[in-house]
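Participant: For reference, each letter of the sequence shown is one residue, going 0 to 271 in numbering that gives the first Met the number 0.
Ideal Cβ positions, reconstructed from N, Cα and C, are used throughout, including at glycine.
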Amino acid sequence: MRTLLLLIALIVGASVAHASEPNPIRAMSFVLVSEAKLPDADRLRADVEKRLPAPMAITGMDSDADKVILLRAAGGTVMIGLINTPLPKGQIDDLCAGAWYWRQACDATAAHKAHLMVSVLGTALDKLDASLLLTHVVAALMDSNAIASYWGASLQSREAFLRQSERISRDLPPVWLWVNFRVSAEPDKGISLSTQGMEAFGLREIEAKDVNRTGREVFSLLVGMGQYLLSKGPIIRDGETIGDSPLLNIRVRQGPSYWREGETVYRVTWPK
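(1) Using three-state DSSP, classify Leu176 as helix, strand or coil.
(2) Can you list the beta strand (DSSP E) stretches of 3 or more residues lying completely in the stretch 136-210, in chain order?
(3) Given this structure, state the Cα-to-Cα distance separating Ser244 from Pro172, to the nearest angstrom.
(4) Can Phe200 and Lys126 be called in contact, C-beta distance under 8 Å?
(5) Assuming contact is defined by CB atoms lying nearer than 8 Å, are Ser148 and Ser28 in contact in what I supplied?
(6) What is the rounded straight-line gap between the Cα of Glu206 and the Cα of Thr134?
(7) In terms of residues, what are the limits of the alpha helix (DSSP H) holding Ser219?
(8) Would you kindly report the start and end of the unbroken alpha helix (DSSP H) that includes Thr268?
(9) Between Asp61 and Leu51, which are expected to be in contact by the criterion C-beta below 8 Å, what is the C-beta distance as a whole number of angstroms?
(10) Assign Pro21 to buried or exposed, taking buried as 16 or more other Cβ atoms, counted over all protein chains shown, within 10 Å of its Cβ.
(11) Count the other C-beta atoms from every protein chain shown that fall within 10 angstroms of the C-beta of Leu279, then say buried if there are 16 or more, exposed otherwise.
(12) Taking only three categories from DSSP, how would you classify Asp121?
(13) Using 8 Å as the Cβ pair cut-off and three pairs as the minimum, do the stretch 41-58 and the stretch 85-102 touch?
(14) Quick one: complete alpha helix (DSSP H) runs, 4+ long, within the stretch 82-111?
(15) With a threshold of 8 Å on Cβ separation, who are the neighbours of Asp65 within its own chain once the five nearest residues in sequence on each side are excluded?
(16) Do you know how far the Cα of Asn248 is from the Cα of Thr240?
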């Protein structure tokens, strides 16, 4: 563990020296694994190279026994480091309890013995491209030893991560892998939803409260909205309609959060 921390410090320090921004970490996620081991470095590099789009390539690789793999790409480094302990119990309990879309989350993640920290450091990539690069690397790590991906506040099974990362691009970012969608329902009020993770991309979070529609309808629309914002930037204006037709009168307002004090969010409203 001390060796890994020293390597991290050295890499971050070197990245700071060459980066124009004060924070060289462009993207970070974790992979929960059933055994405390890294994949074979050469196999991992080959798998990543198969996944990367043509303009991007791995230009070099270093590894330190079973502790860390460094892939050189986009003028920086993708670091895969082994942390030989599980995530703290309270942290993983909160994550799996909120994974409403993965019923076996708590049972599956209880089996993890260690986790991999995967980071994109010191590249010239913007946040979106760095996250796409990280997604390709994490997908390559989703072998039989992997149980789940933990990205920001989004917990995804190995199978879900592989499925959602198959065809990704700047126009089709895998928003659900990067952003957590919290959903709740009350019989007499309707569906409520809020995102957690849009702010990491310099965007407002998205919220909808007490919507008298099906959960699938609300979730699908807001996932599409999140994907659109990640791809195009904050171009949805206050009061603009979204959805398949303006006649649906589903509007986006920029206003105070329903649940986060002092925060301005995109509030999506349906007609009563």
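Facilitator: Per the coordinate set shown:
(1) DSSP places Leu176 in helix when its eight states are reduced to three.
(2) You should have 145-150, 153-156, 179-185, 189-195 and 205-210.
(3) Cα atoms of Ser244 and Pro172: separation of roughly 23 Å, rounded to the nearest angstrom.
(4) Yes, these two residues count as a Cβ contact at 8 Å.
(5) Taking 8 Å as the cut-off, the beta carbon of Ser148 is found closer than this to the beta carbon of Ser28.
(6) Going by C-alpha positions, Glu206 is about 25 Å away from Thr134.
(7) Gly214 to Lys231 is the span of the alpha helix (DSSP H), which, as asked, contains Ser219.
(8) From DSSP, Thr268 is part of no alpha helix (DSSP H) but of the beta strand (DSSP E) over Thr263 to Thr268.
(9) Going by Cβ atoms, the distance from Asp61 to Leu51 rounds to 18 Å, so no, they are not a contact pair.
(10) Low local confidence applies: a pLDDT of 47 at Pro21 is under 50, so the model's placement there is unreliable, with the coordinate-based value given in what follows. The residue in question, Pro21, is exposed, as its Cβ has fewer than 16 Cβ neighbours within 10 Å.
(11) The structure shown has nothing for residue 279, since the chain only spans 0 to 271.
(12) For clarity, residue 121 is Gly in the given sequence; the question names Asp instead. Gly121 falls in the coil class under three-state DSSP.
(13) No, they do not touch.
(14) For the stretch 82-111, whole alpha helix (DSSP H) runs of length 4 or above, ordered along the chain, are 88-96 and 104-108.
(15) Contacts found: Lys36, Leu37 and Leu81.
(16) Between the C-alpha atoms of Thr240 and Asn248 there is a straight-line separation of about 6 Å.
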